[in-house]
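Asker: Residue numbers (UniProt numbering): 1 to 79. No residue lacks a Cβ here, since even glycine has one placed at the ideal position from N, Cα and C. One structure coming up, written as structure tokens, with questions to follow.
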């Protein structure tokens with residue numbers, strides 16, 4: 001059975017976010033958490049949903065990169 005609730009250190013390793021940031025976000029209610037016996041726990045399903053909601057669309061990233069490169073090339077060509 002897969003673990004559903006994890007501690008803050010495990011979420012930090014899972015997301016590559018600093019523990020302090022996660023504590024701050026939990027206290028500001030930016031991410032859902034529960035406090036049980038003095039420990040802050042997170043539901044991995046909630047974390048996955050948050051990560052998916054903030055995932056950038058690859059095509060949008062490509063468009064942004066192409067625009068930046070085009071602007072740089074145009075500015076260097078006109079200089």
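Straight-line CA distance for residue 18 to residue 5?
Answerer: Indexing the chain shown from 1 puts residue 18 at position 18. Indexing the chain shown from 1 puts residue 5 at position 5. The alpha-carbon atoms of residue 18 and residue 5 are separated by roughly 18 Å.
Asker: As a quick exercise: from 43, 37 and 63, pick the residue whose alpha carbon is nearest that of residue 11.
Answerer: Here residue 11 refers to the residue found at position 11 of the chain shown. Nearest of 43, 37 and 63 to residue 11, Cα basis: 43.
Asker: Ignoring anything shorter than 4 residues, give me the alpha helix (DSSP H) runs that lie fully in the UniProt domain "Helix-turn-helix" (5-53), in order along the chain.
Answerer: Counting only runs of 4 or more, we get 8-15, 19-27 and 44-53.
Asker: Kindly give me the distance between the Cβ atoms of residue 40 and residue 52, rounded to whole angstroms, as I take these residues to be in contact under 8 Å.
Answerer: For the purposes of this step, residue 40 is taken as residue 40 along the chain shown, with counting starting at 1. For the purposes of this step, residue 52 is taken as residue 52 along the chain shown, with counting starting at 1. Going by Cβ atoms, the distance from residue 40 to residue 52 rounds to 22 Å, so no, they are not a contact pair.
Asker: Given a cut-off of 8 Å, decide if residue 8 and residue 23 are closer than it, judged by their beta-carbon atoms.
Answerer: Stepping through the chain shown from its first residue, residue 23 is reached at position 23. Stepping through the chain shown from its first residue, residue 8 is reached at position 8. Yes, they are a contact pair.
Asker: Going by C-alpha to C-alpha distance, which of 59, 45 and 49 sits closest to residue 2?
Answerer: As a working note, residue 2 is residue 2 in the chain shown. For residue 2, the nearest C-alpha among the options comes from 45.
Asker: Could you pull out every residue in the same chain whose Cβ sits closer than 6 Å to the Cβ of residue 73, ignoring the five residues on either side in sequence?
Answerer: Position 73 of the chain shown, counted from the start, is the residue given in the question as residue 73. Excluding residues within five positions, none has a Cβ falling inside 6 Å.
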